[in-house]
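> My questions will all concern the structure given below.
Protein chains in written order, with my numbering: chain A, 1 to 355; chain B, 1001 to 1374.
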């Protein structure tokens, strides 16, 4: 395993030059010994990232020259051995020790600063499929982008879990949201979700910490293919709402996969969007474990089975927004690449259930 | 320039202990006595915020490297002497044993911890092998990955919640660390596509040098000397490090696991404690940047502080005394350091501990059923 550390540590604060090669070449400076990702984001840079704690791998960066110290053994990171051997590290865990040259694709969208705000549960509603629709009325307006997520915790509790926002933020970026929504699946034995499901939690105080992630970013006028597995529908709903409002021409195909008919949820929200934007949204629910002899007339199988030439989309021209469990997202990504999708247009949020 | 000489205190005390053991008789108590009185004297001194001279860092590194090597020599010497009839009566044997316990904790553990946090591979390797001196070759991995990532939350096995006694902490922290060690080792061999028995796995190297170390102790001291030497390391650095952890984050709460803030740890900044512990009691600075060498750490002048270190350690073994000491400190922390969310967590922790007097009427103390603890 390649060791990115190459020179002895030297003391003293000084600034370091970071030269970036990639989609957008650029140069910026940070203080020596600062964490690369945090420093870049503090300067308003659109550095690819998601979790910021070394779990998701979205801030994967290739070190071309110079020295970066990883905070933890790279084998304990989501990077593959090949990536580590080729000089990749996680920017969220990498401390810059001098001038460096890196390879990463910086974007061009507004970075939303982190906030820690409180609120009270204004809606706690059971949906099919062991899903809760949770809405929180915030004490302080909160800014976020569609496709992002936040950590939720109950007031007074150490336990916190991350969930994607299920509705778009206010269209006017000068107005922050005063209420936010989430779709939360019960995970058997999960500390947070079991507590949430135990009884109606309306009125309880919650804390929100975020927003994180950069899933929903692409040209607003580009049509999209949205693929959601279970409560992966949450960010997809937010992205759909936002992009349908932002563009008059973009069209969307939504593949929504759950196990059985009885687990379909939030269809009313999708149908509301279809009604609001006629001719621009095609919904394709697909069930993976529906009984063979049931009355279900829709698609059966896994979401990847619908990603083919018959779907009626030009894979080379659209963007895709995928959210669901890790295996599902990876399978969809692989399928989309085979269908000729531009890898830079694949936006995915892979989650591992933590409950 | 005097800063460099200060860190010769540890090897000096180590030399006194070794000499005392060789002399035998009452001199076997020398190491224990010197450390005890230095720390007691230190308890009456004011905190020091002095920043160290960093013009010649290699001097510091040479001193701590030699200290670690000397600690190995010391424990081997103890095993050899204890295995025979060198110490004679019970009193000298006890003195030598307690001296080794204290030496192991106060003199041996800090440089090992310092070195295994370093980036330089030679120093880090010495630190890793030096974990034999704290009788746990896996201490580094759980410390660096879990403790530093989950500071001041119950997910960290090194963390003690409000109301927890040190005895309860022992029963939780050791199994927690062993479980975490296994989990992390398994992650590494799985990630590298290896079987658990692959000789290239990190655990194999650790188990090997640990076995060699224990073998040398028994070879030098026989069964009696080997057992006494191992016992001094277990009761000394191994156990006392957990007392240190117990004290250093006791009752503090973090609402942002993975994002350390300077108020998530207690500090002890009296001068001799700083020197002997290699600034580890300047704990906020260490957590803020765990790669920073001890001589680079900036004492947190305004951060949360506990009473002098030796008092905390002694009080920890008398739970009512420890709680009496900690309650006003935690109340102050809640009021002056915690953010709003942490204050709420603190209030619930107070309720969990039965410390209702620390909560005011507005504190959210009633836990919703099922989500009281992580």
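Think of the CB as a built atom: it goes at the ideal place given N, C-alpha and C, for glycine as much as any other residue.
Rounded to the nearest angstrom, what separates residue 1248 (chain B) and residue 1065 (chain B) at their Cα positions?
Distance between the alpha carbons of residue 1248 (chain B) and residue 1065 (chain B) is about 25 Å.
> Residue 226 (chain A) by DSSP, collapsed to three states: which one?
Note: residue 226 (chain A) maps to strand in three-state DSSP.
> Please confirm if residue 118 (chain A) has its CB atom under 8 Å from at least one CB of chain B.
At least one chain B Cβ lies under 8 Å of residue 118 (chain A).
> Verify the CB distance criterion: does residue 1184 (chain B) have a CB-CB separation below 8 Å to chain A?
For residue 1184 (chain B), the answer is yes, since a Cβ of chain A falls inside 8 Å of its Cβ.
> Where does residue 1191 (chain B) fall in DSSP's three states?
It is helical.
> In three-state terms, what does DSSP make of residue 318 (chain A)?
Coil.
> Along chain A, in chain order, which residues have C-beta atoms closer than 8 Å to that of residue 1191 (chain B)?
Near residue 1191 (chain B) (Cβ distances below 8 Å), the residues of chain A are 75, 76 and 81.
> Please classify residue 43 (chain A) as buried or exposed, where buried requires at least 16 neighbouring CB atoms within 10 angstroms.
The residue is exposed, with fewer than 16 neighbouring Cβ atoms inside 10 Å.
> With distance defined between alpha-carbon atoms, name the residue in B:1177, B:1102 and B:1176 nearest to residue 1277 (chain B).
The shortest Cα separation from residue 1277 (chain B) among B:1177, B:1102 and B:1176 belongs to B:1102.
> Return helix, strand or coil for residue 277 (chain A), following the three-state DSSP convention.
Here residue 277 (chain A) sits in coil by DSSP.
> Taking 8 Å as the cut-off, does the stretch 1027-1046 of chain B touch the stretch 316-333 of chain A (at least 3 CB pairs, one atom from each stretch)?
Contact between the stretch 316-333 of chain A and the stretch 1027-1046 of chain B is absent, because fewer than three Cβ pairs lie under 8 Å.
> Tell me the DSSP secondary structure of residue 87 (chain A) in three-state form.
Residue 87 (chain A): coil per DSSP, three-state reduction.
> Which full runs of the alpha helix (DSSP H) of 4+ residues lie inside the stretch 1226-1313 of chain B, going along the chain?
You should have 1239-1248, 1271-1276 and 1283-1288.
> Tell me which residues share the same chain as residue 1233 (chain B) and place their Cβ nearer than 6 Å to its Cβ, disregarding the 5 neighbours each side in the sequence.
1104 and 1135.
> Counting only beta-carbon separations shorter than 8 Å, does residue 1337 (chain B) have a partner in chain A?
For residue 1337 (chain B), the answer is no, since every Cβ of chain A falls outside 8 Å of its Cβ.
> Check whether the stretch 1197-1210 of chain B and the stretch 1157-1165 of chain B are in contact - that is, three or more C-beta pairs closer than 8 Å.
Counting Cβ pairs under 8 Å, fewer than three are found: no touch.
> Looking at the secondary structure, which residues open and close the alpha helix (DSSP H) in which residue 1125 (chain B) lies?
Where residue 1125 (chain B) is concerned, the enclosing alpha helix (DSSP H) stretches over 1121-1130.
> Under 9 Å between beta-carbons, which chain B residues line up against residue 124 (chain A)? List them in chain order, please.
Here the premise fails: no neighbours, minimum Cβ distance about 12 Å.
> Can you find a C-beta in chain A that's less than 8 Å from the C-beta of residue 1289 (chain B)?
Closer than 8 Å: yes.
> Decide if residue 366 (chain A) is buried, meaning its Cβ has at least 16 other Cβ atoms within 10 Å, or exposed.
In the structure displayed, chain A extends from 1 to 355; residue 366 (chain A) sits before or after that span and is not available.
> Starting from residue 175 (chain A), find everything on chain B with Cβ-Cβ shorter than 8 Å and list it in chain order.
The contacting residues do not exist; residue 175 (chain A) stays about 24 Å from chain B at best.
> Would you report the Cα separation of residue 282 (chain A) and residue 225 (chain A), rounded to the nearest angstrom?
Whole-angstrom Cα-Cα distance: 10 Å.
> Taking the alpha-carbon of residue 1212 (chain B) as reference, which of B:1360, B:1139, B:1119 and B:1131 has the nearest alpha-carbon?
Among B:1360, B:1139, B:1119 and B:1131, the Cα nearest to that of residue 1212 (chain B) belongs to B:1131.
> For residue 66 (chain A), which of A:98, A:346, A:321 and A:120 has the nearest alpha-carbon?
Checked all of A:98, A:346, A:321 and A:120; the closest Cα to residue 66 (chain A) is A:98.
> Where do the N-terminal and C-terminal ends of the alpha helix (DSSP H) with residue 247 (chain A) fall, by residue?
Where residue 247 (chain A) is concerned, there is no enclosing alpha helix (DSSP H), given that its DSSP letter is neither H nor E.
> Just checking: is the beta-carbon of residue 1067 (chain B) within a distance shorter than 8 Å of some beta-carbon in chain A?
It does not; no Cβ of chain A falls within 8 Å.
> So what does DSSP say about residue 176 (chain A), is it helix, strand or coil?
If DSSP states are grouped into helix, strand and coil, residue 176 (chain A) belongs with coil.
> Give a yes or no on whether the minimum CB-CB distance between residue 296 (chain A) and chain B is below 8 Å.
Residue 296 (chain A) does not count as touching chain B.
> Grab the span of the beta strand (DSSP E) containing residue 207 (chain A) for me, first residue to last.
Run containing residue 207 (chain A): 205-212, per the beta strand (DSSP E) assignment.
> Does DSSP put residue 1151 (chain B) in a helix, in a strand, or in coil?
Here residue 1151 (chain B) sits in coil by DSSP.
> Quick check: what's the CA-CA separation for residue 1170 (chain B) versus residue 1194 (chain B)?
Distance between the alpha carbons of residue 1170 (chain B) and residue 1194 (chain B) is about 33 Å.
> What are the residues that DSSP puts in a beta bridge with residue 70 (chain A)?
Answer is A:94, bridged to residue 70 (chain A).
> Using the C-alpha atoms, what's the distance from residue 1012 (chain B) back to residue 1034 (chain B)?
Answer to the nearest angstrom: the Cα atoms are 10 Å apart.
> On the three-state DSSP scale, how would you describe residue 49 (chain A)?
Looking at residue 49 (chain A) - three-state DSSP - the assignment turns out to be coil, as it is neither helix nor strand.
> For residue 38 (chain A), which option in A:299, A:26 and A:59 has the closest C-alpha, if you only look at C-alpha atoms?
Comparing Cα-Cα distances from residue 38 (chain A) to each of A:299, A:26 and A:59, the minimum goes to A:59.
> I'd like to know whether the C-beta of residue 347 (chain A) is nearer than 8 Å to at least one C-beta of chain B.
Cβ-Cβ to chain B under 8 Å: no for residue 347 (chain A).
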